[in-house]
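According to my numbering, the sequence shown holds residues 125 to 347 in order.
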Amino acid sequence: MGKGESFVLMDGKGNRFEAEIVDSSRKRELVVRLKRPLPVPPPPSIQISLCQALLKSSAMDLIIEKASELGVKEIIPFSSERTVVKLDGDRAPNKTRRWRQIAQSAAKQSGRTKASEIALPVSFRELMGKWRCDDGMKLALWEKEESSDLKKILRPFPSSVDRFIGMVGPEGGFSAEELNMAREAGFKPVSMGRSILRSETAAIILVALVQYEWGDLGISGLI
């Protein structure tokens with residue numbers, strides 16, 4: 125793009141403006157003029173929080189990107205008993221900065237007014253403490269669950285569900301102790317069927333289905 129061309133400028137807080145490039149000749153700098161504010165879209169019909177066990181770099185990057193495209197409000201990485209990836213020292217802040225950049229880029233590409241908020245990684249115990257008193261719908265994907273599946277949970281509920289917290293474990297799944305802690309914190313274990321999905325696949329499908337049933341994956345609910 126060059127001088128005189130227009131584009132949409134977002135401030136990361138939900139505001140959007142039509143802007144025009146005034147000068148693009150300076151190195152690593154662009155001068156623009158704000159022409160007019162654009163209408164503020166309606167707030168999302170459902171607030172989604174995704175609790176995701178730490179995965180290898182490429183898989184985690186994919187989840188961050190797709191979840192932000194799908195309008196997830198926040199993503200909380202966590203470590204659990206069977207988590208392979210460990211982020212010690214400066215690695216956690218550095219990774220979080222990278223994930224926030226990925227989320228910002230994905231939000232811009234998909235026309236979202238705000239990118240997903242990416243929290244610093246926490247332990248499983250800290251995660252359970254955070255959600256213990258939250259009254260939103262809380263589901264934990266568990267491949268060994270035999271009595272409750274995601275389809276049964278999603279379909280009977282009306283569109284009045286406005287807060288959803290989903291939790292996806294690591295490659296090795298949750299331990300029995302962790303599952304008990306999750307139940308005590310209000311999480312309901314659910315299955316996604318007979319197929320054993322990769323953690324990143326399960327996370328993206330979970331968010332997409334929740335948005336389809338209760339969110340903005342429809343013309344009337346687009347933001």
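Glycine included, each C-beta is placed from N, C-alpha and C at the ideal position.
- [ ] Have a look at Cys257, Gln335 and Ile329 and flag the residue whose alpha-carbon is nearest the alpha-carbon of Arg307.
- [x] Cys257
TODO: Report yes if the C-beta distance between Ser234 and Trp338 is below 9 Å; otherwise report no.
DONE: no
Open item on the list: Judging by CA-CA distance, which residue of Arg236, Glu153, Phe248 and Leu158 is the nearest neighbour of Phe131?
Closed with: Leu158
TODO: Return the residue from the list Ala332, Ala327 and Leu333 that minimises the CA-CA distance to Leu179.
DONE: Ala327
- [ ] Taking only the alpha-carbon atoms, compute the straight-line gap between Glu241 and Arg215 and give it to the nearest angstrom.
- [x] 18 Å
Open item on the list: Can you tell me where the alpha helix (DSSP H) holding Ile277 begins and where it ends?
Closed with: Leu274 to Leu278
Task: CA-to-CA distance, Leu244 to Lys275, given in whole angstroms - done: 31 Å
TODO: Using the Cα positions of Ile347 and Gly138, report the straight-line distance between them to the nearest angstrom.
DONE: At Ile347, the pLDDT of 43 sits below 50, so the modelled position is not reliable; the number obtained from the coordinates is stated separately. Straight-line Cα distance between these residues: approximately 10 Å.
Task: Per-residue DSSP class, three states only, for Lys312 - done: strand
TODO: Drop a sphere of 10 angstroms on the beta-carbon of Leu154, count the other beta-carbons inside from all chains shown, and report buried for 16 or more, exposed for fewer.
DONE: exposed
Task: Residue from Ser319, Ile277, Thr207 and Leu263 whose Cα sits closest to the Cα of Gly310 - done: Leu263
Open item on the list: Taking its Cβ as the centre, do 16 or more other Cβ atoms sit within 10 Å of Gln101, making it buried, or is it exposed?
Closed with: Residue 101 lies beyond the stretch modelled for the chain, which goes from 125 to 347, so this question has no answer here.
TODO: Answer yes or no: do Leu211 and Trp266 have a C-beta to C-beta separation smaller than 9 Å?
DONE: no
Task: Which residues DSSP lists as bridging Val155, in chain order - done: Asp147
Open item on the list: According to DSSP, simplified to helix, strand and coil, what is Glu241?
Closed with: strand
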